[in-house]
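To convert a position in the sequence shown, counted from 1, into the working numbering, add 13. Heads up, the beta-carbon is just placed ideally off N, CA and C, and yes, glycines get one too. Small disclaimer: the values here were computed from a predicted structure and weren't measured. Below: one structure, written as structure tokens.
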Amino acid sequence: MPERQKPDRNSFSISPRKVEQWLDSLPKANLGETARQIYKALIETNQLDIPFQDRLRFLESLRETVQYVTDSMRKHFFGVTYPLPEKNQKIAAATREIFAAMATGYKIAIEDINNYSVLFQDKKQLTLLVHRAISYTGRVLLTGYQIYTPYPPGHWATLHKLYEFAEHRKLLRLAIHDFLNFYVEKSTVADEYKRHLLLWLAAPYHLRQGEVTKVYNTLERWVRHAEILVADEPQHPEQDGQFGIRLNEDEPPHALVHSTRWCRKSNCRVLNTDDLTLRLQQDIQDGKEVIHTTLTGIDMGRPDLSHDLLCRLMISWGINARRSFPRSNRREEVQVAVGLSAIHQSLARQREENPQSAEAGFGRRAEYVSSTVDSVNEENRPDVWSMIYPSADQTRLTDIVTEELSLADDSQPEPVFPPARQPGTTPAPVRLDNWVIMNESATGYCLEYADDDNTLAQVGELVGIRRRLSNSGWKWGIGVIRWMKFSANRQLQLGIQMLNPDAAAIGLRPALNPGDRQAEFQRTLLLPEIPAIKQPATLITGPVPWRVGNKLVLNILGRDVRVELTRLIQNTGLFAQFEFGFLDEEKSRTRKDKTHSEQDFGQVWSTI
């Protein structure tokens with residue numbers, strides 16, 4: 014707490030009339046000046062020794078203006094590329110400081126009212142002060158999550174102490190009105206505390222920009238389904254949905270299933286989320302009965318949260334799994350392409366620049382020509398050997414792929430890709446960022462940014478990682494960004510889950526019905542099967558408009574193959590991943606023939 018002194022005639026006046034005049038005179042059109050004056054007033058009044066009733070009235074009168082200012086400031090660091098420019102970093106830091114100053118003001122009032130009288134206290138007024146102090150301390154943490162920075166020291170300890178104080182004074186269940194809430198008019202101190210516990214357990218650094226704010230707001234109506242318990246020992250620590258809280262430490266909650274130690278009853282609490290996960294499970298099931306789609310912006314029954322996000326929250330609050338594979342430290346420079354379009358162009362260009370992927374000399378591949386043999390068990394379909402090993406008189410397959418991926422069509426849903434280049438033109442450069450592998454496991458990496466420029470990386474985005482092989486060659490792998498966070502030294506770090514160590518750049522369009530207009534191809538990645546872990550071949554597409562059951566045409570090296578999407582594996586809102594099956598072209602084709610054809614097509618993976 015800051016040291017406080019008696020106000021003098023030059024001090025900021027917090028009389029209701031003066032405060033009202035001051036608020037009316039703020040230059041709301043000049044956001045920077047308004048924010049500066051608000052922050053200056055908070056810092057000054059937090060250093061003044063004034064009655065707690067006057068301080069409370071002053072802080073409550075500021076809340077609406079503080080909300081307006083901080084919401085406006087958030088636009089400068091929300092939805093921008095990372096690492097944040099210095100100006101945006103300062104705006105984010107100023108936002109946190111305003112919230113911290115508000116929290117400090119309420120904590121000073123709590124201290125003053127506690128020192129004023131222990132026997133004759135206004136219980137509702139004290140509850141209001143604790144509620145507001147928890148709320149604004151939590152908003153400091155929330156702002157950090159929004160820009161993927163580590164939580165500042167001391168704030169979790171403050172939250173725990175405020176909750177423990179309210180528990181001791183029996184203030185946990187008294188409802189407090191808050192006009193800034195989105196969904197509920199009133200909430201308790203326990204509700205506000207659980208809100209920040211659950212927000213941390215939702216793994217905010219694993220959420221996309223905007224998702225953490227949606228979860229924070231939606232938790233207003235969900236916190237009542239979670240319960241904080243006092244226990245000497247966890248009854249069933251091996252069960253999911255139980256999280257430990259150490260009130261005497263500056264640490265967030267943790268899953269008990271991962272805990273190796275317990276603490277005394279006076280210092281430990283357990284957050285139980287069984288009822289909450291059951292509620293989420295029901296919401297998810299209800300949603301499946303309404304619609305089955307990859308449009309992640311649509312949520313069944315909850316327009317602010319996607320179906321995919323609900324599933325991830327249920328896992329975070331119910332099934333907190335250990336890391337399956339150990340990580341080993343290393344330091345290796347790699348190049349990274351961010352986004353489906355950049356990865357597709359990089360893969361296609363690599364094939365174009367290296368039409369013979371093998372080394373010179375004996376590395377040149379043989380060329381084959383095959384013809385269709387009519388048989389009662391074979392259909393007239395493209396031969397896979399001709400697709401991969403064309404004869405010399407055929408057009409170069411890299412040109413075919415590039416020419417046919419004409420990706421500019423205003424009639425196609427977002428994302429709209431730039432048109433394919435024409436023969437003889439110089440291809441536009443594909444941006445590759447320089448990153449460093451800090452550690453790796455069997456399923457992914459931790460990458461640290463090595464460039465000075467901004468990056469397009471964001472949680473849920475597809476990445477292609479280009480690593481140098483021991484024989485001086487290069488190898489592409491495909492992964493997804495699962496978390497993003499700034500380290501203590503302000504270096505941007507990514508958590509990458511690898512999807513496949515290989516990929517092929519292909520085209521995709523809807524299968525046409527008679528009379529339909531020819532659709533343009535869209536960029537798509539074909540991830541090969543990995544038999545060792547029983548991982549089938551999959552397609553990486555844009556997030557819209559594809560859904561399970563769609564019949565599509567894949568353009569692989571200039572030849573078309575008809576497929577059907579059979580299962581949605583994931584849709585992050587930035588890309589979708591599907592399993593698929595091959596379509597029959599003759600109604601009389603038997604299941605055995607289809608299986609045989611798919612096995613033949615499986616030979617393609619090793620040669621694309």
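Beta strand (DSSP E) runs wholly inside the stretch 453-530, at least 3 long, in chain order: 457-462, 475-481, 487-499, 505-513 and 517-523
Residue 152 to residue 109 span [Cα, whole Å]: In the sequence shown, residue 152 corresponds to position 139, counting from 1. In the sequence shown, residue 109 corresponds to position 96, counting from 1. Cα-Cα distance, rounded: 8 angstroms.
Run through DSSP, which three-state label would residue 30 get? Position 17 of the sequence shown, counting from 1, holds the residue named residue 30. It is helical.
Quick test of the definition: if touching needs 3 or more C-beta pairs under 8 angstroms, does the stretch 104-123 touch the stretch 54-63? yes
List the endpoints of the continuous alpha helix (DSSP H) containing residue 143. The residue labelled residue 143 in the question sits at position 130 within the sequence shown. Start and end: 136-159.
Tell me the rounded alpha-carbon separation between residue 22 and residue 159. Along the sequence shown, read from residue 1 onward, the residue named residue 22 stands at position 9. Along the sequence shown, read from residue 1 onward, the residue named residue 159 stands at position 146. If I take the Cα positions, the gap works out to 41 angstroms.
Quick one: using the 10 Å Cβ neighbour count with 16 as the cut-off for buried, is residue 584 buried or exposed? Position 571 of the sequence shown holds residue 584. So residue 584 counts as buried.
Rounded distance between the beta-carbons of residue 284 and residue 327, thought under 8 angstroms: In the sequence shown, the residue the question calls residue 327 occupies position 314. In the sequence shown, the residue the question calls residue 284 occupies position 271. About 15 angstroms separates the two Cβ atoms, so there is no contact after all.
Using C-beta distances below 6 angstroms, list every residue in its chain close to residue 89, excluding the 5 sequence neighbours before and after it, in chain order. On the sequence shown, position 76 is the one that residue 89 refers to. Excluding sequence neighbours, residue 89 sits near 101 and 104.
Could you name each continuous alpha helix (DSSP H) segment of 4 residues or more that falls completely within the stretch 178-217, going from the start of the chain to the end? 202-214
Less than 7 angstroms separating the beta-carbons of residue 234 and residue 206? The residue given as residue 234 occupies position 221 in the sequence shown. The residue given as residue 206 occupies position 193 in the sequence shown. Not a contact, by the Cβ cut-off of 7 angstroms.
Please report the distance separating the alpha-carbon of residue 362 from that of residue 353. Locating residue 362 in the sequence shown gives position 349, where the first residue counts as 1. Locating residue 353 in the sequence shown gives position 340, where the first residue counts as 1. The alpha-carbon atoms of residue 362 and residue 353 are separated by roughly 14 angstroms.
On a CA-only basis, which of 539, 346 and 542 is nearest residue 447? Give me that one, please. The count along the sequence shown starts at 1 and reaches residue 447 at position 434. Of the candidates 539, 346 and 542, the one whose C-alpha sits nearest the C-alpha of residue 447 is 346.
Going by alpha carbons, who is nearest to residue 349 out of 140, 265 and 507? Along the sequence shown, read from residue 1 onward, the residue named residue 349 stands at position 336. Comparing Cα positions, the closest option is 507.
Whole-angstrom Cβ separation of residue 318 and residue 282, contact assumed at under 8 angstroms? Your numbering for residue 318 matches position 305 in the sequence shown. Your numbering for residue 282 matches position 269 in the sequence shown. Not confirmed; about 27 angstroms, so no contact.
Tell me which same chain residues have a C-beta within less than 7 angstroms of the C-beta of residue 40, skipping the five on either side of it? Taking the sequence shown and counting its residues from 1, one reaches residue 40 at position 27. Same-chain partners within the cutoff: 46 and 47.
In this structure, how does DSSP classify residue 82 when only helix, strand and coil are distinguished? Translated into the one-based positions of the sequence shown, residue 82 becomes position 69. Helix at residue 82.
Alpha-carbon spacing of residue 134 relative to residue 126, whole angstroms: The residue you call residue 134 lines up with position 121 of the sequence shown. The residue you call residue 126 lines up with position 113 of the sequence shown. Between residue 134 and residue 126, the C-alpha separation is close to 7 angstroms.
Can you say whether residue 256 is buried or exposed, counting buried as having 16 or more other CB atoms within 10 angstroms of its CB? Translated into the one-based positions of the sequence shown, residue 256 becomes position 243. Buried: at least 16 other Cβ atoms inside 10 Å.
Can at least three beta-carbon pairs, one atom from the stretch 495-505 and one from the stretch 477-487, be found at a separation below 8 angstroms? no
Simplified DSSP state of residue 341, which is helix, strand or coil: If you number the sequence shown from 1, residue 341 lands on position 328. It is a strand residue.
So for residue 451, helix, strand or coil by DSSP? Walking along the sequence shown from the start, residue 451 turns up at place 438. Strand.
Sort out for me which residues DSSP pairs residue 444 with in a bridge. Along the sequence shown, one-based indexing puts residue 444 at 431. Bridge partners of residue 444: none, in fact.
Can you find at least 3 beta carbon pairs, one from the stretch 215-224 and one from the stretch 174-191, that sit closer than 8 angstroms? no
Local Cβ density within 10 Å of residue 28, reported as buried at 16 or more and exposed below that: On the sequence shown, position 15 is the one that residue 28 refers to. Classification of residue 28: exposed, given that the 10 Å Cβ count is below 16.
List the residues that DSSP assigns as beta-bridge partners of residue 225. Locating residue 225 in the sequence shown gives position 212, counting from the first residue. Looking at the DSSP assignment, residue 225 forms no beta bridge with any residue, so it has no partner.
Could you tell me if the beta carbon of residue 595 falls within a distance shorter than 6 angstroms of some heavy atom in the ligand MG? Ligands displayed in this structure: none; no statement on the ligand MG is therefore possible.
I need the DSSP call for residue 584, collapsed to helix, strand or coil. By 1-based counting over the sequence shown, the position of residue 584 is 571. Residue state, collapsed to three classes: strand.
DSSP three-state label for residue 118, please. Translated into positions along the sequence shown, residue 118 becomes position 105. Helix at residue 118.
Residue 564 lies in the alpha helix (DSSP H); which residues open and close that run? Taking the sequence shown and counting its residues from 1, one reaches residue 564 at position 551. Premise fails: residue 564 lies in the beta strand (DSSP E), 564-569, not in any alpha helix (DSSP H).
Indicate whether residue 5 and residue 122 have their beta-carbon atoms separated by less than 7 angstroms. Nothing about residue 5 can be reported from this structure: the residues present for the chain run from 14 to 621 only.
Roughly how many angstroms lie between the CA atoms of residue 571 and residue 555, to the nearest whole one? Here residue 571 refers to the residue found at position 558 of the sequence shown. Here residue 555 refers to the residue found at position 542 of the sequence shown. Each residue's Cα considered, the two are about 21 angstroms apart.
Alpha carbon to alpha carbon, how far is residue 77 from residue 590? The residue labelled residue 77 in the question sits at position 64 within the sequence shown. The residue labelled residue 590 in the question sits at position 577 within the sequence shown. Computed Cα separation, rounded: 44 angstroms.
Going by DSSP, name the residue or residues bridged to residue 589. Sequence index remark: in the sequence shown, residue 589 carries index 576 (1-based). Answer by DSSP bridge pairing, in chain order: 554 and 584.
Buried or exposed (CB count within 10 angstroms, at least 16 for buried), residue 296: As a working note, residue 296 is residue 283 in the sequence shown. Buried is the call here.
Specify the secondary structure class of residue 23 as computed by DSSP and reduced to three states. As a first step, residue 23 is located in the sequence shown; it is residue number 10 there, counting from the start. In this structure, residue 23 counts as coil in the three-state DSSP scheme.
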